[in-house]
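> Residue numbers (this note's numbering): 8 to 556. Just so it is clear, CB atoms sit at the ideal spot from N, CA and C, and this is done for glycine as well. Every value quoted in this text rests on a predicted model; they were computed, and no experiment measured them. Got a structure for you, questions after.
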Ligand SMILES: [Zn+2]
């Protein structure tokens, strides 16, 4: 949907988004998100409800120190109480104290709410609306009115709903935002009521939808088509119940090209402590992931064959997945990505495809394990050499008292690039953690860059559901060194072995990419004494220097 007119984007992640069941943002989180929203080019940032809690009041103090380049900050509150003047209302006062260029005030427009929730006459509600807006307009540059339940009100008593927004219009509101507060309205109802509001008002209108019927984004677009000029929503659709209209999707749908869209979405997920939704339109990890061989060969000829928009415009990436559905095209795409396209013969590609299918039949998956796949290709080509030789490992698990957490110890013997054997042991909170530490200890003297690498994610999947504890497991490990992230895979009926395979691939991949020569290992103390008496990990005993097997 191309938009000729300028649509204002009004973000309420920091207010409505924080009404999500499982979301709690600190003031520091909120400030960080505000900066990112400003970078993204958002026009309005609703910071919170200064009348409702101290945390929101603190945000308004601190946000003044940020150097926002574009966004205006809005404070949120509700219309005055029924029996007092606006000038005497404490919550309105707190809103003014927030000292923002924009005040957004929510009020009733559905007769049911006026009668049942407020228990006042319809005329008294019109007075509240008019008095509140007129008072705020005297003190704040820009006043936005959120017409709560407008669409339910319009469906049940259209005259009264329109009278309410007219009262606000007469009092001088700068924009009237129509809300589908309960999220139960359909796009055609939104379209009709929005048109009726626009005809009745002088002020421009906005749209604020909730997602209880999974159509908040569609409803928002319907309102824009009918003439609304402001969109309210939240990043990733956070919000009360099923959430608000997802601004990320709306921004994509309006064809606004914002290269930090994905980054902003990820930041909000991270601070809200929510696992990102892979399938999220425009920014999800799978949004531009191609799996079927037919699709992959299509996008290699022309990306428009299977992509409706260029992922780069939204800060996302195109990905090609490898799986049992893969064909030659997926492998060729990967070889191009890894820069070895020209070196593979037809026979090698066929052999690689056979090997891939064989491994996948066993239960390997390379969808989340690009690094293991790259190593597989390079090994087929003879282009990667192992950076160390494995000799043996042992893992012990100990638990000494019922109340005490168990701990693990791993002992690893490897042969380094100089042919010397070393034996290293380390303690960990689990066997994989202990193995990882011991392996790193053994290798860091040769390859110091491994010290900066860490495991970012670890997933275990049981493959043969019926086989009980004898089932095979697949382990996917994601590692990072601060500059890049890569995934590796291991498979075995033993979870430690599967983890070990993924761990070794992860280390080999890093060393291959770093392409550094091993350092000569300093000759360590070799009398068998512990070098570090405080820690049971960290000991290094060199057995038989330069002993070639
Ligand atoms: Zn809302």
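Less than 9 Å between CB atoms is the rule here; does residue 361 satisfy it with respect to chain D?
Protein chains in the displayed structure number just one, and chain D is not present.
> Tell me whether residue 25 counts as near ligand 1, meaning its Cβ is closer than 8 Å to at least one heavy atom of that ligand.
no
> Does the beta carbon of residue 247 fall short of 8 Å from some heavy atom of ligand 1?
yes
> At a threshold of 8 Å, does residue 4 count as lining ligand 1 (C-beta to nearest heavy atom)?
The structure shown does not extend to residue 4, since the chain spans only 8 to 556, so no value can be given for it.
> Examine the Cβ distances between the stretch 354-365 and the stretch 315-327 and report whether three or more of them are shorter than 8 Å.
Note that the stretch 354-365 does not touch the stretch 315-327; fewer than 3 beta-carbon pairs, one per stretch, sit closer than 8 Å.
> By Cβ distance, which residues of its chain are closer than 6 Å to residue 385, with the 5 residues on each side in sequence left out?
391
> Kindly list the residues whose CB is nearer than 8 Å to the CB of residue 274, restricted to its own chain and excluding five residues on each side of it in sequence; keep chain order.
39, 40, 43
> Measuring only from the beta carbon, is residue 86 closer than 8 Å to any heavy atom that is part of ligand 1?
no
> Out of curiosity, what's the CA-to-CA distance linking residue 309 and residue 297?
13 Å
> Would you call the CB atoms of residue 87 and residue 16 closer than 9 Å?
Residue 16 is positioned such that its CB atom lies no closer than 9 Å to that of residue 87.
> What would DSSP say about residue 144, mapped onto helix, strand or coil?
helix
> Pairs of beta-carbons, one from the stretch 214-226 and one from the stretch 248-257, closer than 8 Å: are there three or more?
By the Cβ test, the stretch 214-226 is in contact with the stretch 248-257, since at least three Cβ pairs between them sit closer than 8 Å.
> Quick one: which unbroken beta strand (DSSP E) runs of 3-plus residues sit fully inside the stretch 369-430? Chain order, please.
396-405, 414-422
> By DSSP's criteria, residue 217 is part of a beta bridge. Which residues make up the other side?
251
> Using the DSSP secondary-structure output, state which residues sit across from residue 495 in a beta bridge.
484
> Apart from the five residues on each side of it in sequence, which residues of its chain come closer than 7 Å, Cβ to Cβ, to residue 534?
Legend: pLDDT at residue 534 = 38, less than 50; position of this residue unreliable, value from coordinates given subsequently. Hits under 7 Å: none found.
> With the cut-off set at 9 Å, would you say residue 447 and residue 463 are in Cβ contact?
no
> Which residue marks the beginning of the alpha helix (DSSP H) containing residue 39, and which one marks its end?
34-47
> Three or more C-beta pairs closer than 8 Å, one from the stretch 262-273 and one from the stretch 231-238: is that the case here?
No, they do not touch.
> Tell me the DSSP secondary structure of residue 209 in three-state form.
Of the three classes helix, strand and coil, the one that applies to residue 209 here is coil, per DSSP.
> With hydrogens ignored, establish whether the beta-carbon of residue 215 is closer than 8 Å to any heavy atom of ligand 1.
yes
> Where does the unbroken alpha helix (DSSP H) through residue 79 begin, and where does it stop?
That residue, residue 79, is in no alpha helix (DSSP H); its beta strand (DSSP E) goes 79-85.
> Kindly confirm or deny that the stretch 316-323 and the stretch 279-292 touch, where touching means at least three C-beta pairs closer than 8 Å.
yes
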